[in-house]
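Asker: Residue numbers (the numbering used here), protein chains in the order written: chain A, 1 to 671; chain B, 1001 to 1510.
Structure provided below as structure tokens; questions to follow.
Here it is as structure tokens:
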């Protein structure tokens, strides 16, 4: 076994690999760029080597620097993690030339699976189910119809040179195929100057299901079951789980066998993933093979109990697989959420900055529930523009899918991040979504369920009551202390009313609050004025704590608390609301206050993120139509086109090209 | 007998109605509460005791003898906030528009005298139209009595003014002489002369809001120390502020049991200072991570944002914080920032509130605008304020402490008790570039030499260690231990005693 390995990566995956290596008694070397000097992976590793400036192309992607770092530290092997150099054929080759071991598959396997067309051919040859279709050139619409009838409807007509949906048509009968073929060909010609089109089966409501495989250098390959990754936003996986709620044992076995056959066909000798697209009818077709550790591998680890990184290290060191296919069992259910530094309320635009507060939920295992957080950041760290915005993977495991989801939901409630915007509220909202809970998934889930983007959940019903109860309990703790201030008048004890009016926004929830034993009892006042029965809230929360952890009527509950003037902003299950705990008299006065008049942001175009103005595409006095480009702002090296949300006339322009703007800085104003 | 008691009840009920139900409704329609509602919100439930409820004016001019309302446009009395006694008067806009008459003024001065005798804070809630014109010089003289008492009480008991409606003419000067002014957004304004007079005299057309609204006074003029959304928010925030303030200049700061550990370390502070010395960071993160429970009451938040002032607690006891804000103008000291901090420091010193100063200051702001505006004297105010302090002063240099600004920001040599520096501190006359250009002027053309000299200067001077070697700072501390070290320093200094020579009063550079 190796004594020392180098991890050619950063962030959570580097940290995760270090953990396993340390458990195996292997010393670890981290590499880091200028931007990662204070990063968690550098702190965790036994040694760390500086490899260059922040852009990955000048640091993490430089093979020579990695090899130099190995030589300087005496590392014998390199784990590439995912991304960066992990699927570059040249990397294992260069390592091998330098006498170093690559903890991953052989270069030949990477090459064989690296090319989309070649990999499909290899898959077909290995007997893997591929999407039925005709890859050759189709001469005319008659031929197209014939092919479509052979494949079965619906079909997709695609431009060979296509991309971005151009030259793409879906047809569900012969007539549509004929027409679609003509249109697609014309579009393809005008868009790409190449009128070749092909036809393949169109899978309605597709799901993304993938099989984890594991091979060694002795020809053994097994599979570790599937993961479903259908919750995606613009082809970016957001939530994953294992097993898949779609599959039955027979389909699982069939998919697993095919994945193993493909892996064997390319002499696969590490951990890898065979990705399939699946129909709701459990039909499945090969998509591609990823010749590396996947981001979402922890869900497989939690249901199989197998540490994939450990297996990768062992097989790389030449060991035979210690696990046979029959030893692999799937126990319980695991769900993973990817926590991204992006603003769900602003169309998921990336968010950068300092992690002023970062308090992830506690990791650990009880008899039935496991919470694992693979994180690459820490409080006081910086989310920079240079790398992937994923900051953590929160994984929960339970005996059933429902239990894993419930645990995930609770863990997300306790995931406290300040300083940057993040997608935890969105993830929480998905966890509460009935369609997700039922497992009726497809890769279109987010687009279909959140068609107008994400807005915070409104506080209603049970959730509102729960939040109101916690608000009252928090206020009670604060109030008890206020009455212990020094310098009080003798003989005039400050009394406290039990009746409170909790405002969530402007919605009022009347209740009574009192201390009872080690808890705080909340009694809701019903519409008829009757006081309901007591709900007992028990918590060690004290002022200054970011999250209220406790139980309500014995059920665990976590609510995030951010102080605001005279109240708190509370976050729970994707709901975020300003809560005020008033006495009856205060509430009576508050009712007289005019509703907060927000500055009419609709009339202004505000900069959605900190960035550089590339261009202002309109002029003062110009009439614009909804959808028209108003300005382009570059942030995180991405050019974001800002469009008019409705028709209007530009009244004033406040920013010019080349200006650096802060978030919410006005760019222009409508009349 | 029963009838007499009932008559009292009746008179009380009548007095409490002020200007009547119609005027109360119109007050509510404007999004404003009545004087008595405001007092009730401000004080603990049932604690208010009213004085002079039956006072009426004595004017007979212009038929005034026919219109009398008990209370005469101001409600006065006392009560408690979390059990601590507070004196309060509230102008009643429903009665003669809250205008000030001779008797109205007498109600206020009576309360001021009472507050001084009882040595407890006094709070004025303003919503009034100025002097009652029908009373002439009697009203003007009334103001003067109030003004003089404001001045005598200054530095003895905290005085707070809350502007919750119009406040114009003579009415503005009493608030102006109190310790703090807070305003309600959209419903309050404050000016010496109103838009009509402005138009007549200068032809300037301006609205009341533009001339003296909360947004103007809290950001531009510095008249207001804060602005809130509405009456309820404002009054509840005043309760919060009172919890921080001593009752008078001898009682010391209030104390309550803290839920926060004074030994708490904050590892994330070790990365607060960016690698790049020209990159800003938010000093409020440091303040929020140092104070008990992250609770900080900021004073003048929206004015001269390059310096942060406000109250927090350490170990349950009030502490004043002054901090340069690198996020705004690199934390430079200019006239506005100097005035803002100086006033805050003097308040703290007057009422025995210890001061913690966080320093990251590149110097004073250069330029004609500043020099013409009297930067020298404004800067001197802050220097003067710190130098005359007798309260415990703890200073922490986080990054830059350049030039004269180093001295001004509570240096040990002007009277600070404990001065710490973070390892990232740079205590020098100026930054490297400027310094090298002066010291090595002859090498200016040789880029290589200049680079070497710059490096030399940075290594030698841009560190806390020269200052530490000479005892100008007491220790170099780890950023993560800042709260712990401040708490220890304040505990050690709790009984600090410094005698200043007796004098009539000082002569602050105004």
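Every residue gets a Cβ at the ideal spot worked out from N, C-alpha and C, and that includes glycine.
Because the structure is a prediction, the values reported are computed rather than measured.
1) Give me the subset of the region 1269-1287 of chain B whose CB atoms are less than 9 Å from a CB atom of chain A, sorted by chain position.
2) At a CB distance below 8 Å, what residues from the region 472-497 of chain A approach chain B? Give them in sequence order.
3) Counting only Cβ-Cβ distances shorter than 7 Å, please list the residues of the region 1233-1246 of chain B near chain A, keeping chain order.
4) Closer than 7 Å, Cβ to Cβ, to anything on chain B: give me those residues from the region 347-372 of chain A, in chain order.
5) So what's residue 1161 of chain B in DSSP terms, helix, strand or just coil?
6) Looking at residue 277 of chain A and residue 223 of chain A, is the spacing between their C-beta atoms short of 8 Å?
7) Output the residue ranges of the alpha helix (DSSP H) runs that lie fully inside the region 276-350 of chain A and measure 4 residues or longer, sorted by chain position.
8) Does the region 291-311 of chain A come into contact with the region 350-362 of chain A, if we say contact requires no fewer than three beta-carbon pairs (one atom in each stretch) closer than 8 Å?
9) Is the CB of residue 1256 of chain B under 8 Å away from at least one CB in chain A?
10) Report yes if the C-beta distance between residue 1319 of chain B and residue 1287 of chain B is below 8 Å; otherwise report no.
11) Tell me which residues of the region 1041-1067 of chain B have at least one Cβ-Cβ distance to chain A shorter than 9 Å, keeping chain order.
12) Would you verify that the beta carbon of residue 1183 of chain B is, or is not, closer than 8 Å to some beta carbon of chain A?
13) Return the chain-ordered list of same chain residues with a C-beta closer than 6 Å to the C-beta of residue 1239 of chain B, the five sequence neighbours on each side being excluded.
14) List the residues of chain A that residue 1080 of chain B touches, going by C-beta distances under 9 Å, in chain order.
15) With C-beta atoms as the reference, is residue 155 of chain A less than 8 Å away from residue 187 of chain A?
16) Please tell me whether residue 1320 of chain B has its Cβ less than 8 Å away from any Cβ of chain A.
17) Excluding the 5 residues flanking residue 616 of chain A on each side, which residues of the same chain have their C-beta closer than 8 Å to its C-beta?
18) Measuring only between beta-carbons, confirm whether residue 1294 of chain B sits less than 8 Å from chain A.
19) For the region 1022-1040 of chain B, enumerate the residues whose C-beta is nearer than 7 Å to any C-beta of chain A, in chain order.
20) Would you check if the region 1486-1498 of chain B and the region 1428-1447 of chain B touch, i.e. whether three or more CB-CB distances between them fall below 8 Å?
21) For residue 585 of chain A, which residues in chain B fall below 8 Å Cβ to Cβ?
22) Could you tell me the alpha carbon to alpha carbon distance between residue 1304 of chain B and residue 1219 of chain B, rounded to whole angstroms?
23) By Cβ distance, which residues of its chain are closer than 7 Å to residue 1093 of chain B, with the 5 residues on each side in sequence left out?
24) Please confirm if the region 262-269 of chain A is in contact with the region 454-466 of chain A, defined as three or more CB-CB distances below 8 Å between the two stretches.
25) DSSP state of residue 16 of chain A, grouped into three classes?
26) Which parts of the region 1256-1333 of chain B are runs of the alpha helix (DSSP H), unbroken and 4 residues or longer, counting only runs that do not cross its ends?
27) If the criterion is Cβ atoms closer than 8 Å, does the pair residue 28 of chain A and residue 13 of chain A meet it?
28) Using the Cα positions of residue 599 of chain A and residue 1186 of chain B, report the straight-line distance between them to the nearest angstrom.
29) Please return the same chain residues whose Cβ sits closer than 8 Å to the Cβ of residue 757 of chain A, not counting the five positions on each side in sequence.
30) How about residue 664 of chain A: is its C-beta nearer than 8 Å to some C-beta of chain B?
31) Shorter than 8 Å from the beta carbon of residue 93 of chain A to some beta carbon of chain B?
32) On the DSSP bridge assignment, give the partners of residue 548 of chain A in chain order.
33) By the three-class DSSP mapping on this structure, what secondary structure does residue 570 of chain A have?
34) Spell out a yes or no on whether the region 335-345 of chain A and the region 393-401 of chain A are touching, meaning 3 or more CB-CB pairs, one atom from each, closer than 8 Å.
35) Could you give the residue range of the beta strand (DSSP E) that holds residue 536 of chain A?
36) Smallest Cα separation from residue 1293 of chain B: which of A/547, A/665 and A/145?
Answerer: Here's the rundown:
1) Correct list: 1269, 1270, 1271, 1272, 1274, 1275, 1281, 1282 and 1285.
2) Taking 8 Å as the Cβ-Cβ cut-off, the region 472-497 of chain A approaches chain B at 481, 482, 483, 484, 485, 486, 487, 488, 489, 492, 493, 494, 495 and 497, given in chain order.
3) Residues 1233, 1236, 1237 and 1243.
4) Cβ contacts with chain B come from 356.
5) Position 161 of the second chain, counted from the first residue, corresponds to residue 1161 of chain B. In the structure shown, residue 1161 of chain B sits in a strand (DSSP, three-state: E or B).
6) In the first chain, the residue the question calls residue 223 of chain A occupies position 223. In the first chain, the residue the question calls residue 277 of chain A occupies position 277. The beta carbons of residue 223 of chain A and residue 277 of chain A sit no closer together than 8 Å.
7) Those alpha helix (DSSP H) runs which fall completely within the region 276-350 of chain A and span 4+ residues are 297-304 and 308-316.
8) As far as the Cβ criterion goes, the region 291-311 of chain A does not touch the region 350-362 of chain A, which means the pair count is below three.
9) Walking along the second chain from the start, residue 1256 of chain B turns up at place 256. So yes, residue 1256 of chain B belongs to the interface.
10) Numbered from 1 along the second chain, position 319 holds the residue referred to as residue 1319 of chain B. Numbered from 1 along the second chain, position 287 holds the residue referred to as residue 1287 of chain B. Between residue 1319 of chain B and residue 1287 of chain B, the gap from beta carbon to beta carbon reaches 8 Å or more.
11) Going along the region 1041-1067 of chain B in chain order, one finds 1041, 1044, 1045, 1046 and 1047 with a Cβ nearer than 9 Å to chain A.
12) Numbered from its first residue, the second chain carries residue 1183 of chain B at position 183. Taking Cβ atoms only, chain A never reaches closer than 8 Å to residue 1183 of chain B, which makes this a no.
13) For this step, residue 1239 of chain B is matched to residue 239 along the second chain. The residues 1081, in chain order, have a CB closer than 6 Å to that of residue 1239 of chain B in the same chain once the five nearest residues on each side in sequence are set aside.
14) Within the second chain, the letter at position 80 stands for residue 1080 of chain B. Under a criterion of Cβ atoms nearer than 9 Å, the residues of chain A adjacent to residue 1080 of chain B are, in order, 488, 489, 492 and 494.
15) Walking along the first chain from the start, residue 155 of chain A turns up at place 155. Walking along the first chain from the start, residue 187 of chain A turns up at place 187. No, the Cβ-Cβ distance between residue 155 of chain A and residue 187 of chain A is not below 8 Å.
16) Looking up residue 1320 of chain B in the second chain gives position 320. With its beta carbon at least 8 Å from every one in chain A, residue 1320 of chain B lies outside the interface.
17) Taking the first residue of the first chain as position 1, residue 616 of chain A is located at position 616. 630, 631, 653, 655, 656, 657, 667 and 668.
18) Here residue 1294 of chain B corresponds to residue number 294 of the second chain, with the count starting at 1. Closer than 8 Å: yes.
19) Residues of the region 1022-1040 of chain B with a Cβ closer than 7 Å to any Cβ of chain A, in chain order: 1028, 1031, 1033, 1037 and 1040.
20) By the criterion of at least three beta-carbon pairs nearer than 8 Å, the region 1428-1447 of chain B is not in contact with the region 1486-1498 of chain B.
21) Taking the first residue of the first chain as 1, we reach residue 585 of chain A at position 585. Under the 8 Å cutoff, chain B gives 1040, 1041 and 1045.
22) Position 304 of the second chain, counting from 1, holds the residue named residue 1304 of chain B. Position 219 of the second chain, counting from 1, holds the residue named residue 1219 of chain B. One Cα belongs to residue 1304 of chain B, the other to residue 1219 of chain B, and the distance between them is close to 8 Å.
23) By one-based count along the second chain, residue 1093 of chain B stands at place 93. Closer than 7 Å at Cβ, skipping near neighbours: 1027, 1127, 1128 and 1165.
24) The region 262-269 of chain A vs the region 454-466 of chain A: no contact.
25) As a working mapping, residue 16 of chain A is identified with position 16 in the first chain. In the structure shown, residue 16 of chain A sits in a helix (DSSP, three-state: H, G or I).
26) DSSP runs (the alpha helix (DSSP H)) wholly in the region 1256-1333 of chain B: 1283-1290.
27) By 1-based counting over the first chain, the position of residue 28 of chain A is 28. By 1-based counting over the first chain, the position of residue 13 of chain A is 13. The answer is no: Cβ separation not under 8 Å.
28) Walking along the first chain from the start, residue 599 of chain A turns up at place 599. Walking along the second chain from the start, residue 1186 of chain B turns up at place 186. Unreliable placement is indicated for residue 599 of chain A, whose pLDDT of 49 sits below 50; no coordinate value is reported for it.
29) Because chain A here runs from 1 to 671, residue 757 of chain A falls outside it and cannot be looked at.
30) Translated into positions along the first chain, residue 664 of chain A becomes position 664. Interface flag for residue 664 of chain A against chain B is unset, since no Cβ pair is found closer than 8 Å.
31) Locating residue 93 of chain A in the first chain gives position 93, where the first residue counts as 1. By this cut-off, residue 93 of chain A is not an interface position.
32) By one-based count along the first chain, residue 548 of chain A stands at place 548. Residue 548 of chain A pairs with A/559.
33) For the purposes of this step, residue 570 of chain A is taken as the residue at position 570 of the first chain. Correct three-state label for residue 570 of chain A: strand.
34) Yes, they touch.
35) On the first chain, residue 536 of chain A is found 536 positions in, with the first residue counted as 1. In the DSSP assignment, residue 536 of chain A falls within the unbroken beta strand (DSSP E) covering 531-539.
36) Your numbering for residue 1293 of chain B matches position 293 in the second chain. It is A/547 whose Cα lies nearest to the Cα of residue 1293 of chain B.
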